[in-house]
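Data first, discussion second: the structure below is written as structure tokens.
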Amino acid sequence: MLIAGFPAGAWGTNCYLVAPAAGEECVIIDPGHQAAPGVEEAIRKHRLKPVAVVLTHGHIDHVASVVPVCGAHDVPAWIHPEDRFMMSDPEKALGRSIGMPLMGELTVGEPDDVRELTDGARLDLAGLEFSVAHAPGHTKGSVTFRMPETTEIPSVFFSGDLLFAGSIGRTDLPGGDMAEMLDSLARVCLPLDDSTVVLSGHGPQ
62 MLIAGFPAGA
72 WGTNCYLVAP
82 AAGEECVIID
92 PGHQAAPGVE
102 EAIRKHRLKP
112 VAVVLTHGHI
122 DHVASVVPVC
132 GAHDVPAWIH
142 PEDRFMMSDP
152 EKALGRSIGM
162 PLMGELTVGE
172 PDDVRELTDG
182 ARLDLAGLEF
192 SVAHAPGHTK
202 GSVTFRMPET
212 TEIPSVFFSG
222 DLLFAGSIGR
232 TDLPGGDMAE
242 MLDSLARVCL
252 PLDDSTVVLS
262 GHGPQ
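With the numbering used here applied, the sequence shown corresponds to residues 62 to 266, in that order.
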């Protein structure tokens, strides 16, 4: 399996491209602020063909490049319905214009094809399987994506802003809730096997 990840934009948000191997179809996870050039570079370098964008939540630092990336490759974007409004109204999602001047000019709005994620769903994309878990706490519509263990690789868990290396996501923005965060951590993260590779929305694995 190929996972190409890089930090992008003012907040260093991690964007990932996941494929069975170089030269095959791929899924793009969280193309945020200024992520489009890095996405295109990874596509060229690994000869990838995007088939979908999937989003761990709707904050602008994770979705700012959704419209150009989806438009360039004619692919759908998947997001939980409770965070869908954030693509079109990032300031409402944050409750104030926090950090917005750092973002510069943005193309906000929804791509042409938006599909909604549900808790417990299994997405079969690019020949890969992603299990979706609704994990509110950072936002009402936060989700995680888990790929199953195989004989060759351990399970891979894309945690978004639920879990970081040595920390957890903030809960002081609109839609954030510490009780929900703790419940999500206990329900979604604690059952993970110790061998699971956790790839978060910010910082190292």
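All C-beta atoms, glycine included, are put in the ideal place defined by N, C-alpha and C.
No experiment lies behind these values; they were computed from the predicted model shown.
Residue j beta carbon less than 8 Å from that of residue i
i: Thr74; j: Thr205; result: no
i: Ala96; j: Gly66; result: no
i: Gly93; j: Gly202; result: no
i: Thr257; j: Pro215; result: yes
i: Met148; j: Val127; result: yes
i: Leu186; j: Val193; result: no
i: Ile89; j: Pro111; result: yes
Residue i, buried or exposed, once every other Cβ within 10 Å from all chains shown has been counted against 16
i: Gly170; result: exposed
i: Ile121; result: buried
i: Leu189; result: buried
i: Leu178; result: buried
i: Leu243; result: exposed
i: Ser245; result: buried
i: Gly181; result: exposed
i: Ser220; result: buried
i: Gly84; result: exposed
i: Arg176; result: exposed
Residue range of the unbroken alpha helix (DSSP H) whose run includes residue i
i: His195; result: It is not in any alpha helix (DSSP H) - His195 instead sits in the beta strand (DSSP E) that spans Leu189 to His195.
Where residue i falls: helix, strand or coil (DSSP)
i: Met242; result: helix
i: Lys153; result: helix
i: Gly264; result: coil
i: Ala125; result: coil
i: Arg145; result: helix
i: Arg231; result: coil
i: Gly70; result: coil
i: Ala80; result: strand
i: Val169; result: coil
i: Ala247; result: helix
i: Val175; result: strand
i: Ala133; result: helix
i: Ala65; result: strand
i: Leu223; result: coil
Proximity test, Cβ basis, 8 Å: residue i and chain B
i: Ile229; result: Structure shown: chain B not included; a single protein chain is present.
Host beta strand (DSSP E) of residue i (start-end)
i: Ile90; result: Glu86 to Ile90
i: Val100; result: No beta strand (DSSP E) contains Val100, which is instead part of the alpha helix (DSSP H) from Ala97 to His107.
i: Ala113; result: Lys110 to Val115
i: Ile214; result: It is not in any beta strand (DSSP E) - Ile214 carries neither H nor E in the DSSP assignment.
i: Ala138; result: Ala138 to Ile140
i: Thr205; result: Val204 to Met208
i: Asp185; result: Arg183 to Leu186
- [ ] Determine, using beta-carbon pairs with one atom in the region 134-141 and one in the region 172-191, whether at least three such pairs fall under 8 Å.
- [x] Judged by pairs of C-beta atoms under 8 Å, the region 134-141 touches the region 172-191, as three or more such pairs exist.
Task: Inter-stretch contact (C-beta, 8 Å, three-pair minimum) for the region 254-266 and the region 72-87 - done: yes
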